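What follows is a set of notes on a single structure, which appears directly below.
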Amino acid sequence: MKLKWKFFIVLLLASLVPLAVVSLISYNTSKKLGESISAQTTQALSETVQREIVSATENYAMITGRSKLSAELALH
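With my numbering as the guide, the letters of the sequence shown map in order to residues 5 to 80.
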């Protein structure tokens with residue numbers, strides 16, 4: 005093998021190995037960040053939905069109570 009090909013291969017490896025390492029680190033970090041954001045979003049949405057369900061239930065109970073009172077007043 006000629007010297008210029010040896011230099012080419014050495015330089016190619018010297019540039020590709022760090023690139024591969026940085027790519028792997030970046031991929032793993034991005035994956036962890038995505039999982040973290042997903043977990044936080046899921047928790048926030050669950051809390052919001054729970055609050056809305058409680059609020060809707062309370063409103064329905066209040067409306068039902070008023071309807072009952074109106075019916076009782078109408079009958080007396």
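All C-beta atoms, glycine included, are put in the ideal place defined by N, C-alpha and C.
The structure displayed is predicted, hence computed values, not measured ones.
Cα-Cα separation between I57 and T46, rounded to whole angstroms:
16 Å
Coarse secondary structure for K6, derived from DSSP in three states
coil
Measure the C-alpha to C-alpha separation of S19 and V25 and round it to an integer number of angstroms.
11 Å
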